[in-house]
DNA sequence: TGATATTATGTTATCGATAACATGTTAGCG
DNA sequence: CGCTAACATGTTATCGATAACATAATATCA
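Protein chains in written order, with our numbering: chain X, 1 to 352; chain C, 353 to 704.
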C-alpha cells in the first residue's frame with residue numbers, strides 16, 4: 001500500500017531520483033522544481049517550501065549532466081597536463097584545483113604523454129565532446145610542439161589558455177618570467193663578486209630552459225663578460241643529468257667560480273658532486289638553482305634559488321580562462337592577454 | 353544558393369555539428385549514423401561509406417555528454433585527491449591518469465582541502481551529478497575521517513575504491529603495505545648491527561604513519577628489544593618538522609645509533625642536521641627513509657630508503673574500479689577486494 | 001474600473017545522442 | 001515456392017534537465 005512511501009523510495013538507491021519524481025511528489029510541474037532549485041524567477045513561498053521539503057526527503061540532486069546538455073554549458077574546465085610525476089606540474093595543478101573549486105568549476109583531466117600531433121586533436125576533441133567550457137593547456141612548449149596552435153586554435157569553440165608558453169599575439173597565456181629569473185640568478189652571482197659564471201641548462205628547445213639560459217647569457221654580456229659554449233652544459237632536469245652536466249662543465253670551464261643551474265633537482269646533484277670532490281661551496285663555487293622546491297632549504301649547504309610561484313600560476317590561469325568564458329557568455333569581445341609571473345630570489349648558504 | 357555548402361558549414365564553427373546534420377547531409381536517419389559511429393549492428397557497406405565521408409567532411413564528433421545521458425554511463429571516473437602539492441599524491445595521480453587513458457576513461461577531479469565532513473557529501477554528489485561511472489578516493493586516512501564510509505557508502509550507486517586506506521571487510525581498497533615497509537626498514541637496520549634504533553614518525557592518527565611506526569615497534573620487540581616513548585618523535589612529513597623531531601630525539605635517546613624516518617623529506621633534514629653537528633652518517637648514525645623520491649639518491653650521503661611504487665598504486669586502483677564497473681554492468685556480483693602493494697628496500701650510503 | 005504590470009505556474013520544445021521497436025528487403029533452405 | 005533468418009533502415013520514446021512560450025491570478029495605477 002505504501003508503495004510510494006519515502007523511506008522505501010530512499011531504499012531503492014539504484015534508481016536515480018529525477019526532477020520528475022520531485023515534481024510528482026510535490027504536486028507541481030518539473031519547471032517549478034527547476035525554478036526552486038535555481039532560486040530564479042517567481043515561486044510562491046508556500047510552493048517553494050513544499051518543494052524544498054520533498055527535495056530534502058527524497059535526497060534529490062539535479063543531474064549536472066542533463067543540465068549541461070540543455071544549457072550547452074558544463075561548468076567544467078578541460079585541463080591537459082604533461083608528466084605529472086614531476087613536482088612542478090603538480091604544484092600548478094594544485095593552484096588550478098583550488099581556484100576552479102572556488103569559482104564553481106570542475107576539472108576534466110587529460111594527460112599528454114608524448115608529442116604526437118595526432119593525439120593533440122584527439123585530446124581536444126575528447127574534451128569538447130564533454131562540453132568543457134574552456135581548456136587549460138599545461139603542456140610545456142618544446143620546439144614546435146605548439147605549432148598546431150596557429151591552425152587549430154581558431155576552430156576550437158571554447159577559450160583555450162596556455163601555461164608556460166612563449167607569449168604570442170592574440171593567444172592568452174600565463175607563464176613564469178623565466179628570462180627574468182635567469183637575469184635575477186646571474187645578477188645575484190655577479191653581485192657576489194663572481195665573474196666566471198657557468199650554466200647548466202634544461203633541455204635545448206624547451207622554451208623555459210632556453211629563456212633561463214638567455215637570461216644568464218644576456219646578463220653576462222651586459223656586464224661585459226663574454227659567454228662561450230664551454231661555459232654551458234645541458235641537462236634534462238633530472239638529478240642524474242645534472243651530475244653529468246656538472247662534470248662536463250668542470251672540464252670545459254675549469255675557472256668557473258659560480259654556476260646557475262636551471263632547476264633545483266639538478267642543483268642538488270651539483271652540490272653532492274662538489275662535496276665529493278672537495279670543492280667548497282660557496283667559497284670555491286657558488287651555486288644557484290631554480291624552482292624553489294621546499295627541500296632546497298635543507299640541502300647541504302642550503303640552496304640559493306629562484307623561486308617561482310606555480311600555485312599562483314595555476315590560479316591565474318583558471319581566473320583568466322573563466323573571465324574569458326564569462327565574457328563570451330555575455331557576448332563581449334575577448335581580449336587575449338599574456339601574463340607573466342615574476343619569480344623571486346631566495347638567498348641561502350650556497351651563494352653566501 | 354550554396355547555403356548548405358560544406359565549406360560554409362565548416363566555417364560556421366560556433367554551431368556544433370550534430371548527428372542530425374550528418375544524417376541530413378547523408379540522407380539517412382540519425383539512427384543509421386549512430387550505427388556507423390558505433391560500428392555496431394547492420395549497415396550496408398555503401399551507406400557506411402557515404403556516412404563516413406560526410407562525417408569526415410563536416411568534422412562531426414559525437415557529443416559524449418549526450419551519449420552519457422542516454423546511456424546512463426559516462427566513461428568518466430571521479431577522483432578525489434588531497435593536497436596535490438606534495439609529490440606523493442601526484443605520483444599516484446600519474447599512474448591513475450595513465451591507466452585511465454589506456455582503458456578509455458577520463459578523469460573528473462576534485463580536490464579535498466580539509467576534513468570537513470559536510471564537504472564530503474558535496475564532493476560525492478557533485479561527481480554523481482556528472483554521472484561518473486566510479487570513484488577513486490585518494491584521500492589519506494586520518495583518524496576517523498573515513499568514518500562516513502559505513503553510513504554513506506551503501507547509498508552511492510557507483511563503485512568506490514579507496515587508496516591508502518586501512519583495509520576493511522567489504523570495502524575495496526589499494527594501499528602500500530606500510531607496516532611491511534616499517535618492518536623492512538627496521539630489519540635492515542638490525543641487520544646492519546644496530547640495536548638502538550629510533551623512529552621519526554609521521555603525524556599520529558595518520559594511518560600510513562601509524563603503520564610504519566607499528567612495523568618499527570613490532571620488529572624491535574620481536575628481536576627482543578624494548579621500545580619506549582623516548583625512542584620516537586613525531587613529525588608532520590615536512591623537512592622542518594623532521595629537523596625538530598630529530599633534535600628532540602637526540603636529547604631523549606642519546607644512545608641512538610640508527611633512525612628510521614617515516615618519509616624521505618624528513619630524512620633529508622636529518623642528514624643535514626647530523627652533518628651540521630658533526631655526526632657521521634652512517635658510522636655513528638644510520639638513517640633510512642621512506643618513499644623513494646628520486647632526489648634521495650642524490651642526498652649526501654645518499655639515502656637508504658623504502659621505496660613505494662605509487663605509480664603502480666594508481667594503476668591498480670583504476671584497474672580495480674574499472675573491473676568493478678564492468679562487473680556491475682554485466683550484473684555480476686562484485687567482490688570487494690583489498691590489495692596491498694609491497695614496498696622495497698633500496699640500500700644506499702646512509703646505512704652502509 | 002478597466003488597463004497594464006507583476007507574480008505564479010504549467011505546457012511544449014529542445015539539448016544530442018541511444019534504446020526499443022517496427023518494417024521492409026534479401027538470401028537460404030527444405 | 002513459400003517460410004524463416006539475416007540484413008538494412010527508419011520511427012518513436014527516452015535520458016534529465018532548461019528555454020521559450022502560454023496562461024491565469026493578483027496587484028497597481030491612471
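For every residue, glycine included, the Cβ atom is placed at its ideal position computed from N, Cα and C.
Taking the alpha carbon of residue i as the reference point, which residue from the options has its own alpha carbon closest?
i: residue 470/C; options: 500/C, 641/C, 615/C; result: 500/C
i: residue 607/C; options: 676/C, 622/C, 454/C, 636/C; result: 636/C
i: residue 577/C; options: 483/C, 542/C, 600/C; result: 542/C
i: residue 232/X; options: 239/X, 245/X, 240/X, 220/X; result: 245/X
i: residue 241/X; options: 203/X, 220/X, 208/X; result: 203/X
i: residue 273/X; options: 95/X, 300/X, 263/X, 262/X; result: 300/X
i: residue 506/C; options: 369/C, 462/C, 476/C; result: 476/C
i: residue 488/C; options: 457/C, 547/C, 702/C, 566/C; result: 457/C
i: residue 465/C; options: 108/X, 113/X, 107/X, 101/X; result: 101/X
i: residue 509/C; options: 646/C, 670/C, 430/C; result: 430/C
i: residue 435/C; options: 96/X, 257/X, 247/X; result: 96/X
i: residue 400/C; options: 385/C, 411/C, 559/C, 409/C; result: 385/C
i: residue 580/C; options: 590/C, 604/C, 599/C; result: 604/C
i: residue 663/C; options: 612/C, 393/C, 441/C; result: 441/C
i: residue 574/C; options: 538/C, 553/C, 587/C, 704/C; result: 538/C
i: residue 639/C; options: 552/C, 600/C, 590/C, 588/C; result: 552/C
i: residue 557/C; options: 571/C, 523/C, 517/C; result: 517/C
Along the chain, where does the beta strand (DSSP E) containing residue i start, and where does it finish?
i: residue 81/X; result: 76-81
i: residue 137/X; result: 134-138
i: residue 657/C; result: 656-659
i: residue 550/C; result: 549-553
i: residue 693/C; result: 690-693
i: residue 640/C; result: 638-643
i: residue 368/X; result: Because chain X here runs from 1 to 352, residue 368/X falls outside it and cannot be looked at.
i: residue 461/C; result: 458-463
i: residue 345/X; result: 344-346
i: residue 585/C; result: 584-586
i: residue 610/C; result: 610-613
From what residue to what residue does the alpha helix (DSSP H) around residue i run?
i: residue 243/X; result: 239-252
i: residue 190/X; result: 178-191
i: residue 406/C; result: 397-410
i: residue 378/X; result: The requested residue 378/X does not occur in the structure, where chain X is confined to residues 1 to 352.
i: residue 372/C; result: 371-378
Output, in chain order, the set of chain X residues within a Cβ distance shorter than 7 Å of residue i.
i: residue 449/C; result: 84, 109, 111
i: residue 338/C; result: Because chain C is modelled from 353 through 704, residue 338/C falls outside the range shown and cannot be assessed.
i: residue 453/C; result: 111
Quick one: which chain C residues come within Cβ less than 7 Å of residue i?
i: residue 295/X; result: 591, 617, 620, 647
i: residue 191/X; result: In chain order: nothing, as chain C lies at least about 26 Å away.
List, in order along the chain, the chain X residues whose C-beta lies closer than 9 Å to that of residue i?
i: residue 504/C; result: In chain order: nothing, as chain X lies at least about 11 Å away.
For a contact meaning CB atoms closer than 8 Å, what does residue i contact in chain X?
i: residue 413/C; result: 125, 128, 129
Flag residue i as yes when its Cβ comes closer than 7 Å to any non-hydrogen atom of the ligand ATP, and as no otherwise.
i: residue 591/C; result: In the structure shown, the ligand ATP is absent, as is every other ligand, since no ligand is present at all.
Residues in the stretch 509-532 of chain C with C-beta within 7 Å of chain X's C-beta atoms, listed in sequence order?
509
Any chance the stretch 407-421 of chain C sits against the stretch 122-142 of chain X, with 3 or more Cβ pairs inside 8 Å?
yes
Please identify, using Cβ separations under 8 Å, the residues of the stretch 106-130 of chain X that lie next to chain C, in order along the chain.
Residues passing the 8 Å Cβ filter: 106, 107, 108, 109, 110, 111, 113, 125, 126, 128, 129, 130.
Three or more C-beta pairs below 8 Å linking the stretch 524-540 of chain C and the stretch 650-661 of chain C
Touching, yes.
What residues in the stretch 383-403 of chain C bring their beta carbon closer than 7 Å to a beta carbon of chain X?
none
For the stretch 161-175 of chain X against the stretch 320-332 of chain X, do three or more pairs of beta-carbon atoms, one drawn from each stretch, fall closer than 8 Å, so that the two count as touching?
yes
Along the stretch 212-246 of chain X, what residues have a CB closer than 9 Å to any CB found in chain C?
238, 239, 240, 242, 243
Residues within the stretch 270-284 of chain X neighbouring chain C, beta-carbon criterion of under 7 Å:
272, 275
Touching by the beta-carbon criterion (3+ pairs, under 8 Å), the stretch 397-409 of chain C and the stretch 375-386 of chain C
yes
What are the residues of the stretch 330-345 of chain X that lie near chain C, defined by any Cβ-Cβ distance shorter than 9 Å?
none
If you pair each beta-carbon of the stretch 329-343 of chain X with each one of the stretch 169-179 of chain X, do three or more pairs fall below 8 Å?
At 8 Å Cβ cutoff, the stretches touch.
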